[in-house]
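The listed protein sequences derive, respectively, from chains A and B.
Residues in the first sequence are numbered from 118 upward in steps of one, following the working numbering.
Residues in the second sequence are numbered from 20 upward in steps of one, following the working numbering.
No residue lacks a Cβ here, since even glycine has one placed at the ideal position from N, Cα and C.
Since this is a predicted model, take the numbers as computed values, not measurements.
First comes the structure, then the notes that go with it.
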Amino acid sequence: MTQRISIDPVTRLEGHGKIEIFLDDQGNVANSYFQIPELRGFERFVVGRPIEEMPLLTNRICGVCPEAHHMAAAKAADAVYHVDPPRTGKMLRELLYSAFYCTDHTTHFYALGGPDFVMGPDAPVAERNILGVIHKVGLEIGGKVIQMRKYGHNVVEMIGGRKVHPCTSIPGGITKGITEEQRKEIEEMGRWAIEFAQFSLKLFNDIVLSNKSYVDLILGDVYTHRTYYMGLVDGNNKVNFYDGKVRVADPNGKEFVKYEPKDYAQHVAEHVEPWTYLKFPYLKNVGWKGFVDGIDSGIYMATPLSRLNAADGMATPLAQEQYDKFYATLGGKPVHQRLAIHWARLIELLYAAERWVELVTDPEITSPNVHTKPTQKPTEGIGIVEAPRGTLTHHYWTDELGRVTKANLIVGTTNNYAPIQMSTKKAAESLIKDGNVNEGLLNMVEMAFRAYDPCFGCATHSLPGQMPLEITIRDADGNPLEVLKQFC
Amino acid sequence: MKTIIVGLGNPILGDDGVGWKVVEELTRQMPTDLSVGLECLSVGGIGLMEHLIGYDRAIIIDAFIADKEDLGSILIQKLDNLPNYSAFHISSAHDTSLQNAIELGKRMGAQLPVDVTVIGIAIQRISEFGENLSPPVAECVPQAAHIALNLLKENVTNSREESHPHG
Numbered sequence: 118m119t120q121r122i123s124i125d126p127v128t129r130l131e132g133h134g135k136i137e138i139f140l141d142d143q144g145n146v147a148n149s150y151f152q153i154p155e156l157r158g159f160e161r162f163v164v165g166r167p168i169e170e171m172p173l174l175t176n177r178i179c180g181v182c183p184e185a186h187h188m189a190a191a192k193a194a195d196a197v198y199h200v201d202p203p204r205t206g207k208m209l210r211e212l213l214y215s216a217f218y219c220t221d222h223t224t225h226f227y228a229l230g231g232p233d234f235v236m237g238p239d240a241p242v243a244e245r246n247i248l249g250v251i252h253k254v255g256l257e258i259g260g261k262v263i264q265m266r267k268y269g270h271n272v273v274e275m276i277g278g279r280k281v282h283p284c285t286s287i288p289g290g291i292t293k294g295i296t297e298e299q300r301k302e303i304e305e306m307g308r309w310a311i312e313f314a315q316f317s318l319k320l321f322n323d324i325v326l327s328n329k330s331y332v333d334l335i336l337g338d339v340y341t342h343r344t345y346y347m348g349l350v351d352g353n354n355k356v357n358f359y360d361g362k363v364r365v366a367d368p369n370g371k372e373f374v375k376y377e378p379k380d381y382a383q384h385v386a387e388h389v390e391p392w393t394y395l396k397f398p399y400l401k402n403v404g405w406k407g408f409v410d411g412i413d414s415g416i417y418m419a420t421p422l423s424r425l426n427a428a429d430g431m432a433t434p435l436a437q438e439q440y441d442k443f444y445a446t447l448g449g450k451p452v453h454q455r456l457a458i459h460w461a462r463l464i465e466l467l468y469a470a471e472r473w474v475e476l477v478t479d480p481e482i483t484s485p486n487v488h489t490k491p492t493q494k495p496t497e498g499i500g501i502v503e504a505p506r507g508t509l510t511h512h513y514w515t516d517e518l519g520r521v522t523k524a525n526l527i528v529g530t531t532n533n534y535a536p537i538q539m540s541t542k543k544a545a546e547s548l549i550k551d552g553n554v555n556e557g558l559l560n561m562v563e564m565a566f567r568a569y570d571p572c573f574g575c576a577t578h579s580l581p582g583q584m585p586l587e588i589t590i591r592d593a594d595g596n597p598l599e600v601l602k603q604f605c
Numbered sequence: 020m021k022t023i024i025v026g027l028g029n030p031i032l033g034d035d036g037v038g039w040k041v042v043e044e045l046t047r048q049m050p051t052d053l054s055v056g057l058e059c060l061s062v063g064g065i066g067l068m069e070h071l072i073g074y075d076r077a078i079i080i081d082a083f084i085a086d087k088e089d090l091g092s093i094l095i096q097k098l099d100n101l102p103n104y105s106a107f108h109i110s111s112a113h114d115t116s117l118q119n120a121i122e123l124g125k126r127m128g129a130q131l132p133v134d135v136t137v138i139g140i141a142i143q144r145i146s147e148f149g150e151n152l153s154p155p156v157a158e159c160v161p162q163a164a165h166i167a168l169n170l171l172k173e174n175v176t177n178s179r180e181e182s183h184p185h186g
């Protein structure tokens with residue numbers, strides 16, 4: 118008889134995910150499904166609306182990373198109008214984006230991923246949260262987290278016009294520049310952010326890297342998959358969040374392909390499974406081979422770790438030092454261990470802070486030349502940025518008046534759906550043996566996907582029919598056993 | 020007593036935006052002699068807590084998922100009495116619960132409301148995009164606004180009584 122173990126709701130996860138683990142007669146894992154009832158219909162909702170509205174509307178897709186959607190939509194709108202924003206306009210967008218990254222990565226590490234390490238994977242659920250972290254490592258940690266968020270919000274508001282949901286990016290650039298007074302304030306906050314990022318990396322070093330059991334956990338086979346890795350790179354093949362080409366490294370670390378955002382459809386396709394509404398993107402030119410890793414499987418990952426794996430390094434000096442240490446510690450490139458995503462995220466935090474200061478000290482950052490007026494007829498455009506949780510693609514088609522006729526979005530988390538599915542299953546297989554299941558083990562299964570920083574709230578796509586509010590439970594052969602309600 | 024009313028939700032996600040609609044209604048009805056902060060937000064946990072700093076009392080209006088037979092019913096509850104995940108459905112991979120966030124903020128020395136009341140409106144669907152509320156949920160908006168106004172007046176009365184206990 119098959120025994121079903123259900124982890125529902127997935128704690129601290131945006132949206133409502135559900136893991137179903139099926140045990141066989143011996144109490145070992147027969148199969149595992151990570152199902153997501155995602156939001157739907159956005160691509161239909163936008164049809165008929167002006168392309169100029171997309172940076173405003175899309176940042177309402179999700180409450181977690183509105184800045185990423187704002188930027189991807191704005192870049193797509195630039196492309197729709199065939200207009201190239203002036204250098205200062207681009208720098209201001211990237212400056213806002215760098216500050217957002219600092220906020221987002223900080224909150225994830227301290228509120229979500231960090232508690233698993235700082236408190237330990239076997240700690241009681243009630244202690245595995247940010248309050249547990251500050252209780253263990255000191256009250257001042259919480260103050261720093263709040264301060265980092267405040268600074269990030271301040272920059273987003275100064276450049277983006279509003280806290281959290283920016284509104285100033287328009288086709289051709291941005292609606293307003295910054296004053297010298299604002300520049301100085303932003304620089305001061307950015308320099309504090311660099312110190313905070315270094316502090317966070319030291320904390321990770323002291324608590325995680327100096328604990329052999331945690332290092333063994335990171336390096337163990339449980340959370341390891343040899344997949345392809347995707348990320349945006351600049352002209353020197355260094356990590357960039359806002360602009361550049363999409364680069365994909367193969368499981369051996371070699372460049373598989375590097376392409377312009379406009380060519381994404383030649384390289385990425387989406388696989389459909391009958392048990393979930395969310396699609397599984399994969400590399401079209403490798404092919405879909407099922408939920409398996411290796412060089413012959415087109416499954417790729419798009420996370421902080423994949424951005425580091427896909428690039429040749431970081432574009433700022435302090436982050437580059439950490440990049441070198443990262444690969445020296447973990448055995449060279451590429452790193453396949455998923456729990457290393459947490460460390461990679463902190464290296465990106467430092468890069469974002471350094472980039473923040475680099476941009477705000479550029480002599481042209483206070484130039485009033487922030488917008489290029491579009492003059493060409495709108496047609497079709499694609500914008501890609503790196504959202505904190507993966508490569509984010511916005512693709513719009515418009516009529517000659519700039520009204521959207523069709524839209525396609527591949528959001529950050531969607532890229533990682535297949536790897537998350539593999540990781541949760543592998544973790545379950547490795548950590549549940551002979552019916553031996555306890556809360557610590559189940560949490561470690563959750564850790565497998567927490568590392569990806571998933572946000573299924575915005576993993577939207579358009580399909581006819583009603584939102585699935587039920588979950589189909591299947592046996593080890595994939596046959597449905599029962600249907601349960603999804604929401605709790 | 021300095022009070023803030025927050026409408027929570029996503030304004031383009033159908034019934035999920037009901038909190039915003041109630042606050043928009045309150046903006047129209049708010050007596051001019053009451054000084055109350057009114058905000059529409061799409062955040063939870065720490066982000067929501069940050070907006071509550073500096074206030075003595077908060078009223079949060081949000082949607083919650085319920086069975087069909089309860090659609091459109093309104094629940095009024097102190098945050099302390101709600102399960103510790105968030106004000107109903109808004110929780111996040113990048114966040115903690117509102118209760119935890121308030122506790123965190125207090126430990127950091129922030130002035131946060133001692134009294135947080137949640138007005139929850141029962142909805143069924145929050146998963147399909149749209150700018151309009153379904154009819155049963157739309158009908159709740161005036162009533163929820165009325166409840167919020169009554170809570171405010173009660174608050175003002177209590178506050179005056181506290182300030183002038185003998186009349």
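- The beta strand (DSSP E) runs lying completely inside the region 376-451 of chain A and spanning 3 residues or more are 385-388 and 397-400, given in chain order.
- The C-alpha of F217(A) lies about 15 Å from the C-alpha of G507(A).
- For N119(B), the chain A residues whose C-beta falls within less than 9 Å of its own C-beta are A228, N246, I247 and L248, listed in chain order.
- By the rule that beta-carbons nearer than 7 Å mark a contact, M68(B) does not touch chain A.
- For H511(A), the enclosing beta strand (DSSP E) stretches over residues G507 to T515.
- Straight-line measurement puts the Cα of I324(A) at about 37 Å from the Cα of G407(A).
- Each residue's CA atom was taken as its position, placing T285(A) and T205(A) some 14 Å apart.
- Unbroken alpha helix (DSSP H) runs of no fewer than 4 residues, entirely contained in the region 131-205 of chain A, are found at 159-162, 171-174 and 183-197, following chain order.
- Here T496(A) carries a coil assignment [DSSP, helix/strand/coil].
- DSSP assignment within the region 48-79 of chain B yields the following whole alpha helix (DSSP H) runs of 4 residues or more, N-terminal first: 64-71.
- Spatial neighbours of S484(A) in its own chain (CB-CB distance under 6 Å, excluding positions within 5 residues in sequence) are listed in chain order as T205.
- For V403(A), the CB contacts under 6 Å within the same chain, skipping 5 residues up- and downstream, are G415 in chain order.
- Listed by position along chain B, the residues whose Cβ is nearer than 8 Å to that of G278(A) form an empty set, because the closest Cβ is around 16 Å away.
- At a cut-off of 7 Å between beta carbons, F313(A) makes no contact with chain B.
- By alpha-carbon distance to D367(A), the top candidate from L256(A), Y399(A) and Y440(A) is Y399(A).
- Using a Cβ-Cβ cut-off of 7 Å, L123(B) counts as an interface residue toward chain A, since at least one Cβ of chain A sits closer than that to its own.
- Here DSSP, grouped into helix, strand and coil, assigns E503(A) to strand.
- Out of V474(A), G519(A) and P283(A), the CA that lies nearest to the CA of A314(A) is found in V474(A).
- According to the DSSP assignment, K355(A) belongs to no alpha helix (DSSP H), since it is labelled neither H nor E.
- K207(A) sits in a helix when the DSSP states are folded into three classes.
- No Cβ-Cβ contact shorter than 7 Å links R308(A) with I31(B).
- The C-beta of M127(B) comes closer than 7 Å to at least one C-beta of chain A.
- Less than 7 Å divides the Cβ of H187(A) from the Cβ of P172(A).
- Runs of beta strand (DSSP E) with 3 or more residues, each lying fully within the region 204-277 of chain A, are absent.
- With at least 16 other beta carbons inside 10 angstroms of its own, R567(A) counts as buried.
- G73(B) and K21(B) have their C-alpha atoms spaced approximately 8 Å apart.
- Under the three-state reduction of DSSP output, L32(B) falls in the strand class.
- Beta-bridge annotation (DSSP): D81(B) is paired with G139(B).
- In the same chain as D233(A), and ignoring 5 residues on each side of it, the C-beta atoms closer than 8 Å to its own belong to R245, N560, M564 and R567, in chain order.
- 7 Å or more divides the Cβ of Y331(A) from the Cβ of N426(A).
- If you ignore the 5 residues before and after D338(A), its C-beta comes within less than 8 Å of the C-beta of S547, all in its own chain and listed in chain order.
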